[in-house]
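Asks: Residue numbers (our numbering), protein chains in the order written: chain S, 497 to 703; chain P, 497 to 703.
Virtual Cβ for every residue (Gly too), placed ideally from N, Cα, C.
Please read these numbers as outputs of a predicted model, since none were measured by experiment.
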DNA sequence: AATAGTAATGGCACTCAGTGCCAAAAAGGA
DNA sequence: TCCTTTTTGGCACTGAGTGCCATTACTATT
């Protein structure tokens with residue numbers, strides 16, 4: 497009897513009907529509509545119609561309307577976790593985080609305007625801002641996990657949690673500044689923002 | 497002609513039909529149901545029926561189901577803002593915040609179990625956790641406003657924002673620990689948590 | 001008392017997000 | 001061609017939230 501688990505994780509040998517869309521496509525189409533007509537004014541029917549698929553199908557690609565602007569965020573998080581796992585042990589904690597987060601937020605120049613729209617929506621539309629909490633929570637978990645491993649403490653203890661929150665807050669502040677100024681550079685803003693945290697949470701303090 | 501604006505802010509001299517409920521009552525009734533049957537399993541119809549009012553009326557007291565567990569949080573925030581405004585100028589920044597927040601979270605002993613239920617819901621039910629962001633945002637604004645005023649910087653600048661986020665994160669972490677341990681004391685947890693922040697964000701650093 | 005003015009109530013009908021169910025479509029392999 | 005697998009999308013239903021409006025309860029005035 498062959499062991500099925502060997503290939504279990506790989507694309508399960510293309511069977512059955514092909515998917516008619518990708519999450520990325522749908523996210524893009526939805527974003528377009530949200531920016532044009534406004535988030536509240538756009539219904540899921542509108543999005544489905546614009547994408548040429550059924551409403552029911554749209555709900556299979558994204559569990560909620562709020563998830564549409566986020567696209568494939570989960571994949572990015574997975575990548576960031578993997579990146580952090582590969583960081584050499586001698587790189588200082590805050591440096592490692594700074595570098596990982598910045599890498600994670602480095603947007604190709606031609607996609608910058610697109611990303612601005614996305615983030616403007618996520619930070620200003622109340623429903624989306626609220627829903628974002630759940631994503632931020634995952635994001636914080638990645639940070640806290642890394643800090644906890646490095647410091648050899650429990651992930652639920654105060655320091656990893658506080659650092660994760662602080663990094664999140666500072667990142668969002670930097671994002672808000674970026675959105676306020678058309679000519680600003682996100683990476684620069686993030687970098688200088690983390691400088692402040694670096695001086696606050698350095699290795700010599702907190703045990 | 498008399499100037500109407502003189503009395504405009506005061507309770508406008510009891511006119512028309514009396515309110516049949518208070519926000520506090522309704523919040524309490526709803527919380528009871530949410531704990532018994534679960535948040536998702538309880539409909540607004542259920543809450544309205546339990547309170548003996550119409551569904552439509554319930555929606556006038558609370559704009560959404562998510563707002564029910566929060567009760568009169570806005571009033572508490574207003575009180576905290578007023579409290580901070582009265583803090584003597586010579587009291588160190590972090591001390592002032594620590595004291596204000598703790599005062600704000602000091603719960604009468606007999607209400608503790610009730611508050612535990614409320615916070616358990618708010619932190620564990622996904623919909624509520626997401627919606628809480630909006631309340632946290634108001635909370636952070638109070639903190640950031642105070643820090644900005646003290647340091648003479650813009651409220652949108654990095655330091656007030658970062659401090660507000662850090663305080664929020666540490667507070668929530670303390671709350672989560674409190675909920676995990678039945679015998680723990682919330683005020684103690686908050687107090688010791690802020691110790692860490694105090695050593696991080698002291699006056700000598702950051703310009 | 002009767003009346004006028006005011007504010008809260010709650011019923012009705014509607015929109016829209018989200019879900020369970022299931023038959024049909026679209027692929028591949030035998 | 002037939003069988004299996006997977007995706008699709010239509011239909012119907014629940015529940016949150018909203019606009020509209022007649023009714024109710026209360027106060028002040030005459």
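1. Taking C-alpha atoms, which residue in S:577, S:544, S:676 lies nearest to residue 641 of chain S?
2. I'd like to know whether the C-beta of residue 692 of chain S is nearer than 8 Å to at least one C-beta of chain P.
3. Return the chain-ordered list of same chain residues with a C-beta closer than 8 Å to the C-beta of residue 620 of chain P, the five sequence neighbours on each side being excluded.
4. Would you call the stretch 646–653 of chain P and the stretch 663–670 of chain P in contact, with 3 or more CB pairs under 8 Å?
5. Leaving out five residues before and five after residue 644 of chain P in sequence, what residues of the same chain have Cβ atoms less than 6 Å from its Cβ?
6. Can you give me the C-alpha to C-alpha distance between residue 547 of chain P and residue 604 of chain S, rounded to a whole angstrom?
7. Three or more beta-carbon pairs under 8 Å between the stretch 617–631 of chain P and the stretch 554–571 of chain P, yes or no?
8. Counting along the chain, where does the alpha helix (DSSP H) carrying residue 639 of chain S start and finish?
9. Cβ atoms of residue 557 of chain S and residue 720 of chain S: under 8 Å apart, would you say?
10. Step through the CB atoms of chain S and report whether any lies within less than 8 Å of the CB of residue 680 of chain P.
11. Looking at C-alpha atoms only, which residue of P:646, P:622, P:634, P:528 is the closest neighbour of residue 585 of chain P?
12. Pick out whichever of S:677, S:522, S:680, S:510 has its Cα sitting closest to the Cα of residue 549 of chain S.
13. Report yes if the C-beta distance between residue 573 of chain S and residue 592 of chain S is below 8 Å; otherwise report no.
14. Please check if any C-beta of chain P sits within less than 8 Å of the C-beta of residue 665 of chain S.
15. Taking residue 616 of chain S and residue 675 of chain S to be in contact with their CB atoms under 8 Å, please state how far apart those CB atoms are, rounded to whole angstroms.
16. Please report whether the beta-carbon of residue 566 of chain S lies at a distance below 8 Å from any beta-carbon of chain P.
17. Return the chain-ordered list of same chain residues with a C-beta closer than 7 Å to the C-beta of residue 517 of chain P, the five sequence neighbours on each side being excluded.
18. Measuring alpha carbon to alpha carbon, tell me which of P:600, P:679, P:658 ends up nearest residue 570 of chain P.
19. Under a Cβ-count criterion, where at least 16 other Cβ atoms within 10 Å of its own Cβ denotes burial, should residue 512 of chain S be classed as buried or exposed?
20. In whole angstroms, give me the CA-to-CA distance for residue 622 of chain P and residue 691 of chain P.
21. Which residue marks the beginning of the alpha helix (DSSP H) containing residue 523 of chain S, and which one marks its end?
22. What in chain P is Cβ-close to residue 644 of chain S, meaning under 7 Å?
23. If you check the beta carbons only, do residue 529 of chain P and residue 540 of chain P fall under 8 Å apart?
24. First and last residue of the alpha helix (DSSP H) that includes residue 511 of chain S?
25. Measuring only between beta-carbons, confirm whether residue 516 of chain P sits less than 8 Å from chain S.
26. I need the straight-line Cα distance from residue 613 of chain S to residue 671 of chain P, nearest angstrom please.
27. Going by Cα to Cα distance, which pick from S:633, S:583, S:524, S:594 is closest to residue 607 of chain S?
28. Return the CA-CA distance between residue 669 of chain S and residue 510 of chain P, expressed in angstroms with no decimal places.
29. Kindly give me the distance between the Cβ atoms of residue 602 of chain P and residue 543 of chain P, rounded to whole angstroms, as I take these residues to be in contact under 8 Å.
Replies: This is what the structure gives:
1. The residue given as residue 641 of chain S occupies position 145 in the first chain. Of the listed residues, the one whose Cα sits closest to residue 641 of chain S is S:577.
2. Here residue 692 of chain S refers to the residue found at position 196 of the first chain. Yes, residue 692 of chain S lies at the interface with chain P (some Cβ there is under 8 Å from its Cβ).
3. Taking the first residue of the second chain as 1, we reach residue 620 of chain P at position 124. Around residue 620 of chain P: no qualifying Cβ.
4. no
5. The sequence position of residue 644 of chain P within the second chain is 148, counting from 1. Excluding positions up to five away in sequence, the list reads 651, 656.
6. One-based indexing of the second chain puts residue 547 of chain P at position 51. One-based indexing of the first chain puts residue 604 of chain S at position 108. Roughly 55 Å separates the two Cα atoms.
7. yes
8. Start at 1 with the first residue of the first chain, and residue 639 of chain S comes out as number 143. Secondary structure note for residue 639 of chain S: its alpha helix (DSSP H) is the uninterrupted segment 622–647.
9. Only positions 497 to 703 of chain S appear in the structure, and residue 720 of chain S is not among them; the question remains open.
10. Start at 1 with the first residue of the second chain, and residue 680 of chain P comes out as number 184. No, no contact with chain S.
11. Working through the second chain from its first residue, we reach residue 585 of chain P at position 89. Closest option to residue 585 of chain P, Cα to Cα, is P:646.
12. Stepping through the first chain from its first residue, residue 549 of chain S is reached at position 53. Checked all of S:677, S:522, S:680, S:510; the closest Cα to residue 549 of chain S is S:522.
13. Within the first chain, numbered from 1, the residue matching residue 573 of chain S stands at position 77. Within the first chain, numbered from 1, the residue matching residue 592 of chain S stands at position 96. The answer is no: Cβ separation not under 8 Å.
14. In the first chain, residue 665 of chain S corresponds to position 169, counting from 1. Taking Cβ atoms only, chain P reaches closer than 8 Å to residue 665 of chain S, which makes this a yes.
15. As a position in the first chain, residue 616 of chain S is number 120, starting the count at 1. As a position in the first chain, residue 675 of chain S is number 179, starting the count at 1. Rounded, the Cβ-Cβ distance is 6 Å, consistent with contact.
16. As a first step, residue 566 of chain S must be located in the first chain, where it is residue number 70. No, because no Cβ of chain P sits closer than 8 Å to the Cβ of residue 566 of chain S.
17. The count along the second chain starts at 1 and reaches residue 517 of chain P at position 21. Contacts found: 547, 549, 557.
18. The count along the second chain starts at 1 and reaches residue 570 of chain P at position 74. Ranking P:600, P:679, P:658 by Cα distance to residue 570 of chain P puts P:600 first.
19. Position 16 of the first chain, counted from the start, is the residue given in the question as residue 512 of chain S. Result: exposed.
20. Within the second chain, residue 622 of chain P is the residue found at index 126, counting from 1. Within the second chain, residue 691 of chain P is the residue found at index 195, counting from 1. Straight-line Cα distance between these residues: approximately 30 Å.
21. Here residue 523 of chain S corresponds to residue number 27 of the first chain, with the count starting at 1. Element bounds for residue 523 of chain S: 519–533.
22. Position 148 of the first chain, counted from the first residue, corresponds to residue 644 of chain S. Simply none; closest approach about 13 Å.
23. Here the question's residue 529 of chain P lines up with position 33 in the second chain. Here the question's residue 540 of chain P lines up with position 44 in the second chain. Contact flag unset, no.
24. By 1-based counting over the first chain, the position of residue 511 of chain S is 15. For residue 511 of chain S, there is no enclosing alpha helix (DSSP H), as DSSP marks it with neither H nor E.
25. In the second chain, residue 516 of chain P corresponds to position 20, counting from 1. Answer no: the Cβ-Cβ gap between residue 516 of chain P and chain S never drops below 8 Å.
26. One-based indexing of the first chain puts residue 613 of chain S at position 117. One-based indexing of the second chain puts residue 671 of chain P at position 175. For the pair residue 613 of chain S and residue 671 of chain P, the Cα-to-Cα distance works out to about 35 Å.
27. Counting from one through the first chain, the residue named residue 607 of chain S turns up at place 111. Ranking the options by Cα distance to residue 607 of chain S, first place goes to S:524.
28. In the first chain, counting from the first residue as 1, residue 669 of chain S sits at position 173. In the second chain, counting from the first residue as 1, residue 510 of chain P sits at position 14. Roughly 45 Å between the two C-alpha positions.
29. Reading the second chain from its first residue, position 106 is the one you call residue 602 of chain P. Reading the second chain from its first residue, position 47 is the one you call residue 543 of chain P. Their Cβ separation, rounded to whole angstroms, is 29 Å, which puts residue 602 of chain P and residue 543 of chain P out of contact at 8 Å.
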